[in-house]
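Residue numbers (the working numbering): 25 to 1107.
Following: one structure in structure tokens, then a few remarks.
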């Protein structure tokens, strides 16, 4: 009989009672600490030896710096270590003695944790009384003293018999199940599943795979040109030993890998369940290791249908998801059975006693997911996993802002559940789980279930979050029938509430490969307590293939006031559709998916919407999904105001923030999201920053505060994307006058972010960061972007405000030379042939593409010009450089030279471009669409403005610097005007189309290099990209205005003699005086 069977047997309970009686008799007669110790240890030794046939070694520690008594297992955080401190009878009667003994044992435990990083459990006893001292969320807690009873002896015995077993901690799980683990099982399983997807025929598997694609918004029409997708394919190809160049193979590889992870998570959940009860031979997890392949498949199917967990009181832990295909009889094989049995055998070595007696809200799967899913895969899906300490901080800040003791909260993109875990941790707070009575545990359990919710569109995330949630609340569950409030749903597209007749209903369209399912259900039914179980009953009736029965079952569950002819028609159609899908072998998941999506609809009046939504730019969304949610963005005024869709650029996190806050938040609720810093500055988020929660009533939400993590050491590790925490509520904020307070976190030197990320709470890492404070203001009534001032600049806000105003000139983007590896070249040496020169293609260290020509090549110089690149621009000049470009345009022409003419005028250049034709063709669709000309070598961003005689160029990133563009003497002796490349925008015309003069160019150059203007750009835009739609005062140049003329002259002087601090100061004084003059005239 295995240990689990023994622990649940009547014989064990009887023996427990007998040995407790004997123990109490002996300890009552004990007169010394030594005799108490002997009585305790010998009684337990004999009990364990008799019942479990295990010899327990009570090792005494000689050194006073370590423990006096310790049960010893493996000391590498993989076993349950128990420390017992004995006192003779009577030494725990007085409070003073109790406190002293408690302090002594606590010191032992802290000392051990410091030495090896493990959290030990402590028992303090005199043989009659007992107290437990243990770690909860990293801090020591202790129970009240009580008389020893059978439960106490049971806890100690279970800890002992589990001593050689591993703890369910992230390190152990990762070691056993990462892709490159010693046992290699995860990689073996993944490869088996990938091979099966490609070689085995199964209608069910095909259906689940195709519908998984739909849910993930994946489409065969997606060309995979996004760099992230290319990298994902390369990483998956390496894992599966193949080359992946098409969408179908890409998706199958991803599906196989996600299924692999899902199987491991499900088996871990199964291991933690107290009793399986599959049949008389399989009652416990340990019974699985000796079963045959067919029985194992039947058991796995039993798990997938959720029956194992339903018998344990969890209605919705597993629901036959997309990843259940591996146990289909057409996929199953002896090979798969053997792999799964090996995994089961490893899991048998894990201890579950902690989930009976201990407590922790650690997300044990996040590290495993990151080890199984290559970073390129996670990045392509917009997945950046939040460290626990960061989630904890955001939760604490949100609690403080909402100021409601029994707050409710939801993470609409919960991923593996890190924010959900942090919320549960903060609800439990200082409560001692182990000390709670049954009624107190039940009250706490239902408080958590009512107050914490999660949603995710990724079924894998939903599975992980559910299991983490379950493990966190398991010590509180005692014969309770519960539903874990983690749901599959799309937080960017929540079901609508509509009125049908006089009945309020929820409406949603579930997309499938076969046909779309229009679901319309009365809101009272959806909001009923039994909704989920009733929908499961309907799923069972669908299998009868009788649509009339399905129809009647639906109507039986509706209130009579909700039933009208129109609703009956909808339900009749839905019933027929569900049965039709079943008959076509396209069934098994729809009712559960419908139920999950509808459960999301009933969420309301939430105090805190919190999380880290996916950061995927609009242009990288799958086309079908982008089209589906486009109307949502337009209805909510989220786009930036451009009149053509091609110019739209948004991040999906902005839509999710708006939809969830508008739909779910209570009147005084808080939205707290981690989102990219660029939402503060980029023009493409202009609509989002207005944050209309109800466009019709002009109702808005306002940004209350920000946490700036841009200097925190990149906590997400896999991405360098700078981000902030955005806190929104309905409380009005005057962005112009009052601004938004910002707390800036800067990681201290010498502290590794990887070490910080191992911690669970912010209290554990707060000393690793320095805090400073700044404020963000909206400075310009014409745009919604923010300008952020550090504390020392806030007093100069009025000066910065004075420069905001109208710009008379039009800035243009530099020419896009894509791919730069082809178009950028460097002259090397002259040759005898007139009109030609030797050139070498420019090399780039981090280049995605490589030129097909690597040796110096002879090219005609007619279509070769000097080129200006951003890094070379400095205030009033350029760094020394040798930058040239191929520019296949005749002077003053806005379309490229035709192929036959280029062949005639520059045959060597044409040959060079032809050699690189395939490389040129790899540029983005957008670049190809906006290129100027029909020839394959055409460039984009070329216009009449490109050829203006005078221009001033500037950097559009990093640090604003401007310089007047002048002709360059080429190595072949010609005076040629340079071309401004991408990231080197320039001004060459007024907004009305007039070419600027030379003096105007210097005047504009002077303004752009003025210190306050450069600071304004630094404080207003992301360093990655400045807006070229200027909102600073740049009036039409007037030679009679003293400030205009002085600025122009100072710019010329700085260009000729290099700028000095004196020139910069004079420029700023004159420009500020000019701005004040403009304001006075306007008033």
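Where is the CB? At the ideal position from N, CA and C, for every residue including glycine.
Closest by C-alpha distance to residue i, when choosing among the options
i            : options                   : result
residue 765  : 707, 815, 807 and 754     : 815
residue 110  : 69, 120, 60 and 142       : 60
residue 589  : 964, 714, 526 and 833     : 526
residue 969  : 931, 1020 and 783         : 1020
residue 20   : 900, 703 and 312          : No answer is possible for residue 20: it lies beyond the span of the chain, which begins at 25 and ends at 1107.
residue 497  : 715, 466, 1022 and 746    : 466
residue 936  : 921, 137 and 910          : 910
residue 275  : 488, 980, 548 and 239     : 239
residue 115  : 233, 51 and 707           : 51
residue 118  : 150, 995 and 632          : 150
residue 726  : 1039, 802 and 433         : 802
residue 632  : 439, 540, 754 and 805     : 754
residue 978  : 70, 902, 917 and 519      : 902
residue 599  : 578, 610 and 608          : 578
residue 131  : 828, 921, 597 and 164     : 164
residue 313  : 349, 326, 371 and 327     : 371
residue 551  : 395, 504 and 626          : 626
residue 1097 : 1072, 1068, 1107 and 1076 : 1068
residue 750  : 761, 57, 487 and 768      : 768
Where residue i falls, given that 16 or more other Cβ within 10 Å makes a residue buried
i            : result
residue 956  : buried
residue 773  : exposed
residue 160  : buried
residue 517  : buried
residue 797  : exposed
residue 567  : exposed
residue 179  : buried
residue 691  : exposed
residue 1157 : Limits of the chain in this structure are 25 at one end and 1107 at the other, which puts residue 1157 out of reach.
residue 235  : buried
residue 1092 : buried
residue 452  : buried
residue 784  : buried
residue 1062 : exposed
residue 1050 : buried
Beta-carbon contacts of residue i that lie in its chain and below 7 Å, excluding the five residues immediately before and after
i           : result
residue 73  : 79
residue 30  : 36, 75 and 76
residue 174 : 40, 41 and 44
residue 342 : 290, 327, 328, 330 and 333
Residue-chain proximity (residue i, chain B), Cβ-Cβ < 8 Å
i            : result
residue 1024 : As a matter of chain content, chain B is missing from the structure shown, which is built from one protein chain.
Sequence-distant residues of its chain with Cβ nearer than 6 Å to residue i (five each side left out)
i           : result
residue 443 : 415, 435, 634 and 635
residue 847 : 841, 909 and 910
residue 713 : 808
residue 668 : Caution is warranted here: a pLDDT of 38 is assigned to residue 668, below 50, making its placement in the model unreliable, and the coordinate value is therefore given only provisionally. Correct list: empty, nothing qualifies.
residue 934 : 926 and 927
residue 812 : 798, 800 and 1043
residue 86  : At residue 86, the pLDDT of 36 sits below 50, so the modelled position is not reliable and the matter cannot be decided from this model.
residue 146 : 107, 129, 133 and 157
residue 686 : 717
Close Cβ partners of residue i (< 8 Å) along its chain, the five nearest in sequence each way excluded
i           : result
residue 381 : Residue placement at residue 381 is flagged as unreliable, the pLDDT there being 48, under the threshold of 50; a coordinate-derived value is accordingly withheld.
Is there contact between the region 252–269 and the region 309–323, where contact requires at least three CB pairs shorter than 8 Å? no
In chain order, which alpha helix (DSSP H) runs of at least 4 residues are fully inside the region 380–429? DSSP runs (the alpha helix (DSSP H)) wholly in the region 380–429: 390–396, 399–404 and 412–426.
May I ask you to verify whether the region 574–593 touches the region 364–377, counting CB pairs closer than 8 Å and requiring at least 3? Too few Cβ pairs lie closer than 8 Å, so no.
Within the region 95–161, ranges of the alpha helix (DSSP H) (whole runs, at least 4 residues): You should have 119–140.
What ranges does the beta strand (DSSP E) occupy inside the region 984–1016, keeping only unbroken runs of at least 3 residues that lie completely in it? 986–989 and 1010–1014
Only counting runs of 4 or more residues, tell me where the alpha helix (DSSP H) segments fall wholly within the region 580–666, in order along the chain. 589–607, 614–625 and 647–659
Fully enclosed by the region 492–535, which beta strand (DSSP E) runs are 3 residues long or longer? 510–512, 520–524 and 527–534
Stretch-stretch touch, CB-based, cutoff 8 Å, three pairs: the region 282–290 with the region 200–216: yes
Quick test of the definition: if touching needs 3 or more C-beta pairs under 8 Å, does the region 989–1001 touch the region 885–903? When C-beta atoms of the region 989–1001 are compared with those of the region 885–903, three or more pairs fall below 8 Å, so the two segments count as touching.
Counting beta carbon pairs with one atom in the region 829–841 and one in the region 1004–1018, are three or more of them shorter than 8 Å? yes
Using 8 Å as the threshold, is the region 400–417 in touch with the region 336–355, meaning 3 or more CB pairs across them? Taking one beta carbon from each stretch, the region 400–417 and the region 336–355 have fewer than 3 pairs nearer than 8 Å; the two do not touch.
Cβ pair count under 8 Å reaching 3, the region 611–628 against the region 500–512: yes
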